[in-house]
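Participant: Position one of the sequence shown corresponds to residue -19 (my numbering), numbered consecutively onward.
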Amino acid sequence: MAQPLTLPGVILSLKPEASSKRPKLLPGCRSIRYIDKSSRSAISTGPDMKLSKMVPHPETDVTNLLLIRHGATPPNEQRPFILQGCGINPSLSESGQKQAAALGQFLSSTSPIHHVYCSPMIRARETAEAICEPLGLTPQEVAEIHECDVGLWEGKSWDIIMQEFPEAYDAFIHDPYQNRYEGGESYGDVLNRTEPAIQSLLDRHLGETIVVVAHNVVNRVYLARVLGLEISKAKDLAQTNTGINLIRYQQGETKVITMNSIFHLNGIPH
-19 MAQPLTLPGV ILSLKPEASS KRPKLLPGCR SIRYIDKSSR SAISTGPDMK
31 LSKMVPHPET DVTNLLLIRH GATPPNEQRP FILQGCGINP SLSESGQKQA
81 AALGQFLSST SPIHHVYCSP MIRARETAEA ICEPLGLTPQ EVAEIHECDV
131 GLWEGKSWDI IMQEFPEAYD AFIHDPYQNR YEGGESYGDV LNRTEPAIQS
181 LLDRHLGETI VVVAHNVVNR VYLARVLGLE ISKAKDLAQT NTGINLIRYQ
231 QGETKVITMN SIFHLNGIPH
């Protein structure tokens, strides 16, 4: 089988024969997207690749959505990892500011971005402002896409949660779509809150490319929905701080083109 072509955060590979094994994921790559042989020559994979080659200007019946997780915050960088839901509302860390600035410069190289939307939480707003600065835009807040309410587990590590809430932890890990963070939301709750808001933006901006800066759980449950996965499997989808997901909406059909691209973070801790 041919060697896979790579883009940041995704593997592009020639579609294998039924009897062939799937290509292994490379370091930094989160998923595989198969392409037809005829597409191979049209894909740029070198270090000078620009996002504009990933995001062509949309036709009048297409919306390009760049769904992005906010830059890093101090709780994101804490070890052991602690849960940061909607009850903790910090600014970006120094690393997060660098990530957001690099993201803004990277996105300014793409085809025109027409609108930038964000969660009302500080970390998302600051990331959106960094995106808007080189574009000359102003971020617009969407209240429904704030991060998941993790309830009593806010600010706790998973080890502490397992000790203090063993039954609720087991139930949540088994099925986070139905079972809630203790005192908070389930994945199903988050999807029901956020999907209509995102769909409204897709319908409103046909023929345009838009950015939505949201959060880890928000992005994962929406991506799981678009990919046709069980929403409980959303916990297995990686979303790096400032990772870019390219989603294409056309004639009622939504497709994930690229997931968790972090090409812009070259040399920046993440």
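Note that CB positions come from ideal geometry on N, CA and C, so glycine has one too. Just so it is clear, the structure is predicted and the values come from calculations on it, not from any experiment.
So what's I224 in DSSP terms, helix, strand or just coil?
Facilitator: Strand at I224.
Participant: Counting C-beta neighbours from all protein chains within 10 Å, is the total for N196 16 or more, i.e. buried, or is it exposed?
Facilitator: By the neighbour-count rule (16 or more Cβ atoms within 10 Å), N196 is buried.
Participant: Hey, out of E39, L46, G187, V42, whose CA is closest to S241's CA?
Facilitator: For S241, the nearest C-alpha among the options comes from L46.
Participant: Is the beta carbon of G51 sitting closer than 9 Å to the one on G76?
Facilitator: Result yes, Cβ atoms of G51 and G76 sit closer than 9 Å.
Participant: Is R160 helix, strand or coil by DSSP?
Facilitator: Looking at R160 - three-state DSSP - the assignment turns out to be coil, as it is neither helix nor strand.
Participant: Who are the near neighbours of G163 in its chain, counting only those whose CB is closer than 7 Å to its CB and skipping five residues on each side?
Facilitator: Answer for G163: G131, L132, listed in chain order.
Participant: Going by DSSP, what residue range makes up the alpha helix (DSSP H) through E147?
Facilitator: Where E147 is concerned, the enclosing alpha helix (DSSP H) stretches over 146 to 154.
Participant: Nearest-angstrom Cα distance between E74 and L117?
Facilitator: Straight-line Cα distance between these residues: approximately 23 Å.
Participant: What residue does the beta strand (DSSP E) around E233 start on, and which one ends it?
Facilitator: Where E233 is concerned, the enclosing beta strand (DSSP E) stretches over 233 to 241.
Participant: Mind reading off the beta-carbon distance from P119 to Y97? Whole number of angstroms is fine, and I expect it under 8 Å.
Facilitator: Indeed they touch by this definition, with Cβ atoms about 7 Å apart.
Participant: Per DSSP, which residues does S137 bridge with? Please list them.
Facilitator: In DSSP, S137 forms a bridge with I62.
Participant: Alpha carbon to alpha carbon, how far is R205 from I211?
Facilitator: C-alpha separation (whole angstroms): 6 Å.
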